[in-house]
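As they're listed, the protein sequences go chains A and B. According to this note's numbering, the first sequence holds residues 50 to 402 in order. According to this note's numbering, the second sequence holds residues 258 to 567 in order. For each residue, glycine too, the CB sits at the ideal point set by N, CA and C. Please read all numbers here as calculations on a predicted model, not as lab measurements. First comes the structure, then the notes that go with it.
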Amino acid sequence: MSTPIGQPTVPPDRDRGGPAQPLLSIDGLVKHFPVKKGLGGRPAVVRAVDGVDFTILKGETLGIVGESGCGKSTTARLIMGLMPHDSGELLFDGELIGGRALPWRDFRAQTQMVFQDSYASLNPRMTVEGSIAFGPRVHGVPKRQAIERARSLLARVGLEPSRFAARYPHELSGGQRQRVNIARALALQPRLVVLDEAVSALDKSVEAQVLNLLMDLKQEFALTYLFISHDLNVVRFLCDRVAVMYLGQVVEIGPADTVLASPAHPYTAALLSSMPSMDPDARTQVAPLAGDPPNPIDPPPGCRFHPRCTLAEEVCKGRVPPLAPVDPVHRVACLARQPGSGHSAAPTLSVAA
Amino acid sequence: MATLAPHATAPLLDVAGGAAPLPDAPDAFMPSRGFWGQVGHKLLRDPVAMTAACVILAIVAVALLAPWITPMDPYRGSMIRRLKPVGDATYLLGSDELGRDMLSRLMLGGRLSLFIGVTPVILAFVIGSGIGILAGYVGGWLNTVLMRTIDVFFAFPSVLLAIALSGALGAGVFNSIVSLTCVFVPQIARVAESVTTQIRSRDYVDAARLSGASTFTILRVQVLGNVLGPIFVYATSLISVSMILASGLSFLGLGVKPPEPEWGLMLNTLRTAIYVNPLVAALPGLAIFIVSISFNLFSDGLRSAMEVKA
Numbered sequence: 050m051s052t053p054i055g056q057p058t059v060p061p062d063r064d065r066g067g068p069a070q071p072l073l074s075i076d077g078l079v080k081h082f083p084v085k086k087g088l089g090g091r092p093a094v095v096r097a098v099d100g101v102d103f104t105i106l107k108g109e110t111l112g113i114v115g116e117s118g119c120g121k122s123t124t125a126r127l128i129m130g131l132m133p134h135d136s137g138e139l140l141f142d143g144e145l146i147g148g149r150a151l152p153w154r155d156f157r158a159q160t161q162m163v164f165q166d167s168y169a170s171l172n173p174r175m176t177v178e179g180s181i182a183f184g185p186r187v188h189g190v191p192k193r194q195a196i197e198r199a200r201s202l203l204a205r206v207g208l209e210p211s212r213f214a215a216r217y218p219h220e221l222s223g224g225q226r227q228r229v230n231i232a233r234a235l236a237l238q239p240r241l242v243v244l245d246e247a248v249s250a251l252d253k254s255v256e257a258q259v260l261n262l263l264m265d266l267k268q269e270f271a272l273t274y275l276f277i278s279h280d281l282n283v284v285r286f287l288c289d290r291v292a293v294m295y296l297g298q299v300v301e302i303g304p305a306d307t308v309l310a311s312p313a314h315p316y317t318a319a320l321l322s323s324m325p326s327m328d329p330d331a332r333t334q335v336a337p338l339a340g341d342p343p344n345p346i347d348p349p350p351g352c353r354f355h356p357r358c359t360l361a362e363e364v365c366k367g368r369v370p371p372l373a374p375v376d377p378v379h380r381v382a383c384l385a386r387q388p389g390s391g392h393s394a395a396p397t398l399s400v401a402a
Numbered sequence: 258m259a260t261l262a263p264h265a266t267a268p269l270l271d272v273a274g275g276a277a278p279l280p281d282a283p284d285a286f287m288p289s290r291g292f293w294g295q296v297g298h299k300l301l302r303d304p305v306a307m308t309a310a311c312v313i314l315a316i317v318a319v320a321l322l323a324p325w326i327t328p329m330d331p332y333r334g335s336m337i338r339r340l341k342p343v344g345d346a347t348y349l350l351g352s353d354e355l356g357r358d359m360l361s362r363l364m365l366g367g368r369l370s371l372f373i374g375v376t377p378v379i380l381a382f383v384i385g386s387g388i389g390i391l392a393g394y395v396g397g398w399l400n401t402v403l404m405r406t407i408d409v410f411f412a413f414p415s416v417l418l419a420i421a422l423s424g425a426l427g428a429g430v431f432n433s434i435v436s437l438t439c440v441f442v443p444q445i446a447r448v449a450e451s452v453t454t455q456i457r458s459r460d461y462v463d464a465a466r467l468s469g470a471s472t473f474t475i476l477r478v479q480v481l482g483n484v485l486g487p488i489f490v491y492a493t494s495l496i497s498v499s500m501i502l503a504s505g506l507s508f509l510g511l512g513v514k515p516p517e518p519e520w521g522l523m524l525n526t527l528r529t530a531i532y533v534n535p536l537v538a539a540l541p542g543l544a545i546f547i548v549s550i551s552f553n554l555f556s557d558g559l560r561s562a563m564e565v566k567a
């Protein structure tokens, strides 16, 4: 076939913890944004991310889905260190990010991000190859080599270097710009790539091409993806596992096939039924979700989903459901799925045991 | 491939079996013109801006060469040949209230007028950009402290501020440059701050942070190029204001002292002759006007040349 373009796959010595060690573990991640309510008003906080934990295994694609404002993007930015988190722990391949063994600079060389807005994420006054070569240049790669790497990456993402390398972002289409952004993210030979709504702004046909490209690149460069999206179809296509977020918390996490085929959380079920179906017989007749998400400044007590939930009972207003396993790989935060929770639909203890 | 329109979509990847074909000569280096090269290219095709630039260059050249090319001694007056009209046989542009040659004085006066008009803007550009970019990029309390301090200066009308500072420092060329710089620093800093704040929140700055670049590198490579343009355009438009303010200070006796020729000062001393020989009295004002409008037109051209299509 073809000679390896760009870089060789990840050198084995970078894999410190072995294949069983999750690439990224997030534990109790919290980010509150202070807001002022007018003059003399009580200071309030927006609980954008309120105790999120999940792990990303090596070589997998983990999808994060949820409505806008549920904290998906904030989670991504916290992981990338673009803003400091209030509390919680981030472990990359077993090492504390920002700790002595893995300072931020070293972590960043191994983790990159692709943003949603393909235009805003490229410097308008820099050529495409200049933007891609910037990262390697920062890390001490000589200019000529950095440019060469940029060009081979451009070729790899499907943009012929002789035609595209010297262009400016405004001379490219949205899909081409997003390919450039992907090439830029790969220029530092990352192990984890965070894709924050990376294909959401693209046309459907271009989106499919970029998704195929992402799948190929994952194979070739042995990447792990954190894929943030609101499009369940895309998540189903690309992701191995999926985490569903609601109001700053993970409410369900598990294999994409299981979660999207037989959701355990009523919110996931509502999200799925809000997707238009190709089958006229399967049309959505009633609105699956009533109203907007509650104000994250003042989230409802107990289960945060209970005001909109079809299964809600009295017990849901008082108890915060923990993220508990329904089977070894599938966890859900819903009292109706937890034995002994007091919810009438909860499975009996003997069944679960 | 080569016949494809430039905006045709890139080839589908799975067709190429995982890897798109590499061009045979990856070293076919096509040097891009670079951003500033493009700006220069566009500017050269702008007739208005180029005319303005030529006028400015001509006036600057005349002013610089004035000591050697003035037709007459600009300091030597003649009591019997006062206020000769424009087009006089000896005095091409007439003579002033002390019988000195207007043309020679206008030529030599351009030196000081341009100097005290342009220098404050250059100084304010450097200082104001520094303050504004720092405040805009760092943000937080530093931004609050710097920008609220700057806001204090906006409480005064700029003419009043220039006069007050000049008056406090005393008359003289150096002091009027200092006071004009103080007038322009806040204005430029404010523009610099707002542009930088905008740029800082762009995803490409975040992407640069993610690549592990230091703050200094990000400022130099990613921010400066996007910020300096708009500030520079704004500063260019301030040159005309600065020249008029400088002339105003001289007019009030706070800048250049007689008998030194300077356009604002000449306007002042000739104002008594406005009913006797209005055309001659208006000449220094005309000179200020031409230079100001040239700088303004040039900065307009620069602004449109630097626009990046979205």
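Need the endpoints of the beta strand (DSSP E) that G512/B sits in, please.
For G512/B, there is no enclosing beta strand (DSSP E), as DSSP marks it with neither H nor E.
Starting from T273/A, follow its DSSP beta bridges and name the residues at the other end.
Beta-bridge pairing links T273/A to L241/A.
Any Cβ of chain A within less than 8 Å of the Cβ of R455/B?
Residue identity check: residue 455/B is Gln in the sequence provided, not Arg. No, Q455/B lies away from the interface with chain A (no Cβ there is under 8 Å from its Cβ).
Is the CB of S561/B under 8 Å away from at least one CB in chain A?
Not closer than 8 Å to any Cβ of chain A, the Cβ of S561/B fails to qualify, so no.
What residues in the segment 375 to 401 of chain B bring their beta carbon closer than 8 Å to a beta carbon of chain A?
Cβ contacts with chain A: none found.
Mapping the DSSP letters down to three states, classify M258/B as helix, strand or coil.
Summary for M258/B: the model assigns pLDDT 39, below 50, so the residue's position carries little reliability; its value from the coordinates is reported in the next sentence. Annotated three-state conformation of M258/B is coil, per DSSP.
Take P133/A as the anchor and find which of P374/A, P325/A and F82/A has the nearest alpha-carbon.
For P133/A, the nearest C-alpha among the options comes from F82/A.
Interface residues of chain B around Q161/A at Cβ under 7 Å?
Contacts between Q161/A and chain B, judged by CB atoms closer than 7 Å, involve L467 in chain order.
Below 7 Å on C-beta distance, what does A470/B contact in chain A?
In chain order: V187.
For a contact defined as C-beta to C-beta under 7 Å, what are the partners of L171/A on chain B?
Close to L171/A, with beta-carbon spacing below 7 Å, are these residues of chain B in chain order: Y461.
Using a Cβ-Cβ distance cut-off of 8 Å, determine whether G297/A contacts chain B.
Output row for G297/A: interface = no.
Does the Cβ-Cβ distance between V299/A and F103/A come in under 8 Å?
Their beta carbons are under 8 Å apart, which means V299/A touches F103/A by this criterion.
What residues are listed by DSSP as bridge partners for G303/A?
DSSP lists V291/A as partners of G303/A.
Is G387/B helix, strand or coil by DSSP?
In the structure shown, G387/B sits in a helix (DSSP, three-state: H, G or I).
Which residues mark the beginning and the end of the alpha helix (DSSP H) in which K192/A is found?
K192 to R205 is the span of the alpha helix (DSSP H), which, as asked, contains K192/A.
Below 6 Å CB to CB, which residues in the same chain sit around T376/B once its five sequence neighbours on both sides are set aside?
Hits under 6 Å: I434.
Using a Cβ distance threshold of 8 Å, determine whether the segment 521 to 538 of chain B contacts the segment 464 to 471 of chain B, with at least three qualifying pairs required.
No: fewer than three Cβ pairs fall under 8 Å.
For A236/A, the three-state DSSP class (helix, strand or coil):
In the three-state reduction of the DSSP assignment, A236/A falls in the coil class.
For G366/B and chain A, any beta-carbon pair shorter than 8 Å?
It does not; no Cβ of chain A falls within 8 Å.
Helix, strand or coil: how does DSSP classify K341/B here?
Of the three classes helix, strand and coil, the one that applies to K341/B here is coil, per DSSP.
Buried or exposed: where does F431/B fall if 16 or more other Cβ atoms within 10 Å of its Cβ makes it buried?
With fewer than 16 other Cβ atoms within 10 Å, it is exposed.
DSSP has R96/A in a bridge; who is on the other side?
H81/A, per the DSSP bridge assignment.
Are the C-beta atoms of R157/A and some chain B residue less than 8 Å apart?
Yes - at least one Cβ of chain B is within 8 Å of the one on R157/A.
To which residues of the same chain is K366/A closer than 7 Å at the C-beta, ignoring the five residues directly before and after it?
So the list reads P350, G351 and H355, once near-sequence residues are dropped.
Span of the beta strand (DSSP E) around S113/A
A small correction: the amino acid at residue 113/A is Ile; Ser does not occupy that position in the sequence shown. Membership of I113/A in the beta strand (DSSP E) is indicated by the continuous run T110 to V114.
Measuring alpha carbon to alpha carbon, tell me which residue in L221/A, L202/A and S254/A is nearest I231/A.
Nearest of L221/A, L202/A and S254/A to I231/A, Cα basis: L202/A.
Neighbour flag for A464/B against chain A, beta carbons, 8 Å
Taking 8 Å as the threshold, the shortest C-beta distance from A464/B to chain A falls below it.
Candidates L171/A, D306/A, V94/A and P343/A, of which the one nearest L221/A by Cα:
Ranking L171/A, D306/A, V94/A and P343/A by CA distance to the CA of L221/A puts L171/A first.
Under a three-way DSSP split, which group does L481/B fall into?
Residue state, collapsed to three classes: helix.
Between which two residues does the beta strand (DSSP E) harbouring V369/A extend?
Where V369/A is concerned, there is no enclosing beta strand (DSSP E), given that its DSSP letter is neither H nor E.
Under 8 Å between C-beta atoms, does V452/B make it to chain A?
No - not a single Cβ of chain A is within 8 Å of the one on V452/B.
From I545/B, G396/B, V395/B and L495/B, pick the residue whose C-alpha is nearest to that of S507/B; which is it?
The closest CA to that of S507/B, considering only I545/B, G396/B, V395/B and L495/B, is found on I545/B.
Does chain B have any CB closer than 8 Å to the CB of F286/A?
No, F286/A does not count as interfacial toward chain B.
According to DSSP, which residues form a beta bridge with M404/B?
Its beta-bridge partners do not exist; DSSP assigns none.
Say whether chain B places a C-beta atom closer than 8 Å to the C-beta of G223/A.
G223/A does not count as touching chain B.
Do you know how far the Cα of W293/B is from the Cα of G67/A?
Cα atoms of G67/A and W293/B: separation of roughly 50 Å, rounded to the nearest angstrom.
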